[in-house]
Amino acid sequence: MSAPNKSYDPVEVEALKPEEIERMRDEALAAFAAADSLDALHEAKVAHTGPASPLALANREIGALPPHAKAEAGKRVGMARGAVNKALATRQAELEAERDARVLVEESVDVTLPYDRVPPGARHPLTTFMERVADVFVSMGYEIAEGPEVEAEWFNFDALNFGPDHPARQMQDTFFVEGPKGDHGESGVVLRTHTSPVQARSLLDREPPVYIVCPGRVYRTDELDATHTPVFHQIELLAVDEGLTMADLKGTMDHMVQSLFGPEMKTRLRPNYFPFTEPSAEMDMLCYVCKGESVGNPDRPCRTCSSEGWIELGGCGMVNPRVLVACGVDPEKYSGFAFGFGIERMLMFRHNVEDMRDMVEGDVRFTRPFGMEI
Ligand code: FA5
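Numbering (numbering that gives the first Met the number 0) for the sequence shown: 0 to 373.
Encoded structure:
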């Protein structure tokens with residue numbers, strides 16, 4: 000093995016010449032200064048301080064120098080590398096600070112902006128009110144029942160003891176989807192005019208005792224005006240059991256109005272006629288605004304009940320035994336009561352709505368004050 004060359008001069012090694020080292024250093028410093036992003040700086044770092052960079056290669060040359068030349072060459076290369084690393088760290092810090100400042104501006108959040116420009120939707124007050132009424136009966140053990148809106152004429156009329164010539168069957172009152180068919184006038188198809196056909200459907204579907212409540216949409220050929228709409232909602236109640244009387248009907252209705260309007264509320268019955276109930280009645284509830292105190296009291300008029308003290312709720316009565324027979328229920332053993340009323344009218348007087356058209360036009364200025372219940 001040959002000894003190191005004692006006369007070896009580092010200045011003579013091309014890569015270690017002072018001007019070469021200075022050139023490498025200056026090129027590195029220029030590259031760092033020119034880097035205008037952290038990515039560009041990273042590329043410059045690899046090129047000028049990585050294992051294949053000119054200064055790293057020069058550093059490797061030092062190992063082959065004789066001992067007396069190593070120190071001087073090492074010092075020269077070391078100083079150059081120190082300057083390069085320092086410039087790299089300085090430029091790195093500058094570019095990071097620039098990036099942080101830019102991100103702060105670009106990603107800043109204006110906390111004064113509205114948090115949500117799309118107003119949230121909510122269910123219609125008719126829907127939420129109808130469910131609230133149904134819940135009163137569900138809490139008493141009633142079951143929710145449903146029926147089709149496009150209904151057989153038989154369920155809508157015949158099963159409920161409407162005679163063939165009853166005026167409600169006329170085209171002027173009922174939307175017929177299909178007229179009666181054949182020479183014998185077989186049942187046609189109608190848009191149901193009330194929720195009462197669900198009474199017949201429920202009795203055919205179940206064995207007594209039957210306790211059902213049916214909220215739903217119904218249709219009549221009424222013009223849209225302040226108190227009528229051709230599409231509206233009703234709630235139907237039916238109870239069929241042994242020993243039910245009109246007193247059960249009244250007690251149930253008293254409970255409903257007290258749940259919805261307050262404990263001091265009560266109902267009253269007035270005679271009426273429905274083919275499917277016998278006896279039949281119109282049910283009124285005490286005016287929840289004046290509690291009847293406006294009657295005969297001109298100093299305290301009440302707009303809600305027109306100073307009559309009572310508000311009409313809907314129709315009711317004991318289920319006509321003919322309906323029980325048509326649905327296969329023994330009227331000797333079972334009796335029942337039924338009740339049906341319009342949701343729009345109830346919502347109107349509960350919230351002092353003067354025009355029913357406001358409920359159907361879909362204007363959020365009407366629905367918003369009812370709250371955003373979903
Ligand atoms: C009936 O529809 C019977 N089925 C109710 C019934 C059920 C009686 C069970 C006996 C036993 P009536 O035709 O009166 O009854 O309608 C009931 C309610 O529907 C009315 O009190 C009213 O509040 C509402 N109503 C009727 N027509 C309209 C309409 N065009 N727009 C809004 N509400 C209406």
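Just so you know, even glycine gets a beta-carbon here, dropped at the ideal spot from N, CA and C.
Just so we're clear, the structure is a prediction, and the values are computed from it rather than from any experiment.
Glycine 77: member of the alpha helix (DSSP H) spanning 66-105, first to last residue.
For the pair serine 195 and alanine 337, the CB atoms are nearer than the 9 Å cut-off.
Assigned with DSSP and collapsed to three states, asparagine 271 falls in strand.
Straight across, the Cα-Cα distance linking aspartate 204 with glutamate 145 is about 11 Å.
Given a length threshold of 3 residues, each whole run of the beta strand (DSSP E) inside the segment 150-201 is given here in chain order: 175-177, 188-190. With a threshold of 8 Å, the Cβ atom of histidine 227 counts as near the ligand FA5, since some heavy atom of the ligand is closer than that. Between valine 188 and glutamate 150, the C-beta spacing is below 9 Å. Residue range 276-285 is occupied by the beta strand (DSSP E) that includes methionine 284. The beta carbon of arginine 216 sits closer than 7 Å to the beta carbons of Glu148, Val230, His232 from its chain, once the five residues preceding and following it are set aside; these are given in chain order.
For glutamate 21, the uninterrupted alpha helix (DSSP H) run begins and ends at 17-33, by DSSP. Of Thr48, Ser52, Gly77, Ala100, the smallest CA-CA separation from isoleucine 61 is found for Gly77. Residue pairing for phenylalanine 231: DSSP places it in a beta bridge opposite Val217.
With respect to the 9 Å criterion, proline 214 and glutamate 130 are classified as neighbours on the basis of their beta carbons.
DSSP places alanine 337 in the strand class (E or B) of the three-state scheme. Judged by their CB atoms, valine 45 and serine 52 are nearer to each other than the 9 Å cut-off. For tryptophan 153, the closest alpha carbon among the candidates Glu360, Phe369, Arg344, Val322 is that of Val322.
Taking the C-beta atoms as reference points, methionine 23 is found no nearer than 9 Å to alanine 86.
If you draw a straight line from the Cα of glutamate 142 to the Cα of glycine 291, it is about 34 Å long. Inclusion of leucine 243 and methionine 345 in the CB contact set at 9 Å is not warranted, their separation being larger than that value.
Excluding the 5 residues flanking it on each side, alanine 158 has same chain C-beta neighbours closer than 6 Å at Ala199, Ala325, in chain order. Per DSSP, the continuous beta strand (DSSP E) segment holding methionine 317 begins and ends at 309-318. Taking non-hydrogen atoms of the ligand FA5 into account, the C-beta of phenylalanine 231 is found less than 8 Å away from one of them. Scanning Asp247, Asn319, Gly335 for the CA closest to the CA of proline 274 turns up Asn319.
For glutamate 372, same chain residues with a beta-carbon under 7 Å away, outside a window of 5 residues either side, are Ala121, Arg122, Thr127 in chain order. For the options Ala92, Pro262, Lys16, the alpha carbon positioned closest to that of alanine 32 is the one of Ala92. Under the three-state reduction of DSSP, alanine 46 is assigned to helix.
A distance of 9 Å or more separates the beta carbons of cysteine 286 and glutamate 263. Excluding the 5 residues flanking it on each side, proline 124 has same chain C-beta neighbours closer than 7 Å at Leu346, Thr366, Phe369, in chain order. CA-CA distance, valine 108 to alanine 100, rounds to 14 Å. Under the criterion of beta carbons closer than 8 Å, alanine 225 and arginine 349 do not qualify as touching, at roughly 16 Å. As the crow flies, the alpha-carbon of glycine 327 is around 11 Å from that of tyrosine 333. Here the alpha carbon of glutamine 171 sits roughly 9 Å from the alpha carbon of arginine 219.
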